Amino acid sequence: MTMANIEVRQGDITGLAVDAVVNAANEGLAGGGGVDGAIHRAAGPRLLAACRALPEVRAGVRCPTGECRITPGFDLPARYVIHAVGPVWRGGERGEAELLAGCYRAAVRLAGEYGLRSLAFPAISCGVYGYPLEQAAQVARRALADSLAAATAVDIVYLVAFEGAVLKALEAAFCGD
Ligand code: APR
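Using our numbering, the first residue of the sequence shown is number 302, and each one after it goes up by one.
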């Protein structure tokens, strides 16, 4: 079992023709700004309709923090969108690392269930949710190493940085010695 390749790249995740792009969503899957806004704009209105069709696990919550839900990609070049809800950074003592790791693990698990071979992640929680870049990149590296080692059909995982600072942090974590 060869482990999937992991590649760090800079760009706009919405343009990637991968099997699934991961969205940095909120618990209501209500759409938003940042990468969530970009993905919804590129996927078209059917994406929001598909999110709203997902059941609420409790009032206002379709996807609890640390978990993922999958929908089609509609007008995106990607076949699917895996909506991940990362933690809001509250100083690091509120289980944020475990919740963030959970997003990466759950996305890889869903990719395995759907037989997906290529996956692209943004820097979940590193924008509006305020997660420090370097710490988030280390969490992502460890979580992906663990989950990709398990038998999944995933061949390639892209970590997509929109900004230079994010690219630097991802490269330090994934491409360091
Ligand atoms: N492609 C790739 N990455 C992007 C793109 C894009 N088109 N647009 C933004 N990003 C990057 C940001 O630069 C940041 O590094 O995605 C990372 C995650 O930032 P946010 O999108 O702000 O997501 P997050 O910090 O997880 O906050 C989620 O923001 O948009 C709302 O509805 C969303 O409530 C949720 C919250």
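For each residue, glycine too, the CB sits at the ideal point set by N, CA and C. These numbers come from a predicted model, not from an experiment.
The region 317-335 touching the region 366-380, judged by at least three CB pairs closer than 8 Å: yes
Distance cut-off 7 Å: Ser426 Cβ against heavy atoms of the ligand APR: By 1-based counting over the sequence shown, the position of residue 426 is 125. Correct: Ser426 has its Cβ closer than 7 Å to the ligand APR.
Run of the beta strand (DSSP E) containing Phe422, from where it starts to where it stops: As a position in the sequence shown, residue 422 is number 121, starting the count at 1. Unbroken beta strand (DSSP E) run through Phe422: Ser419 to Phe422.
At least 3 beta-carbon pairs within less than 8 Å: the region 450-461 vs the region 416-433: Contact holds: three or more Cβ-Cβ distances are below 8 Å.
Near the ligand APR: Thr372 beta-carbon under 7 Å from a heavy atom: Walking along the sequence shown from the start, residue 372 turns up at place 71. Answer for Thr372: no, Cβ out of range of the ligand APR.
Inter-stretch contact (C-beta, 8 Å, three-pair minimum) for the region 338-349 and the region 400-407: no
Cα-Cα separation, Ala444 to Val319: For the purposes of this step, residue 444 is taken as residue 143 along the sequence shown, with counting starting at 1. For the purposes of this step, residue 319 is taken as residue 18 along the sequence shown, with counting starting at 1. Straight-line Cα distance between these residues: approximately 20 Å.
Every unbroken alpha helix (DSSP H) inside the region 319-374 [4 residues or more]: 335-344 and 346-353
Selection from Asp376, Gly396 and His384 that minimises the alpha carbon distance to Arg363: Locating residue 363 in the sequence shown gives position 62, counting from the first residue. The candidate whose alpha carbon is nearest that of Arg363 is His384.
Cross-strand partners of Ile457 (DSSP beta bridge): As a first step, residue 457 must be located in the sequence shown, where it is residue number 156. Answer by DSSP bridge pairing, in chain order: Asn306 and Ser419.
Rounded Cβ spacing between Ile309 and Pro423 (contact assumed at less than 8 Å): Residue numbering aside, residue 309 sits at position 8 when the sequence shown is read from its first letter. Residue numbering aside, residue 423 sits at position 122 when the sequence shown is read from its first letter. As written in the sequence, residue 309 is Val, which differs from the Ile given in the question. The Cβ separation is near 12 Å, so there is no contact.
Three-state secondary structure (DSSP) of Ala470: Mapped onto the sequence shown, residue 470 falls at position 169. Reduced to three states, the DSSP call for Ala470 is helix.
Glu464 Cβ short of 7 Å to the ligand APR heavy atom set: Taking the sequence shown and counting its residues from 1, the one referred to as residue 464 is at position 163. Distances from the CB of Glu464 to the heavy atoms of the ligand APR include at least one below 7 Å.
Sequence-distant residues of its chain with Cβ nearer than 8 Å to Leu317 (five each side left out): Here residue 317 corresponds to residue number 16 of the sequence shown, with the count starting at 1. So the qualifying residues of the chain are Pro378, Ala379, Ala421, Tyr459 and Val461.
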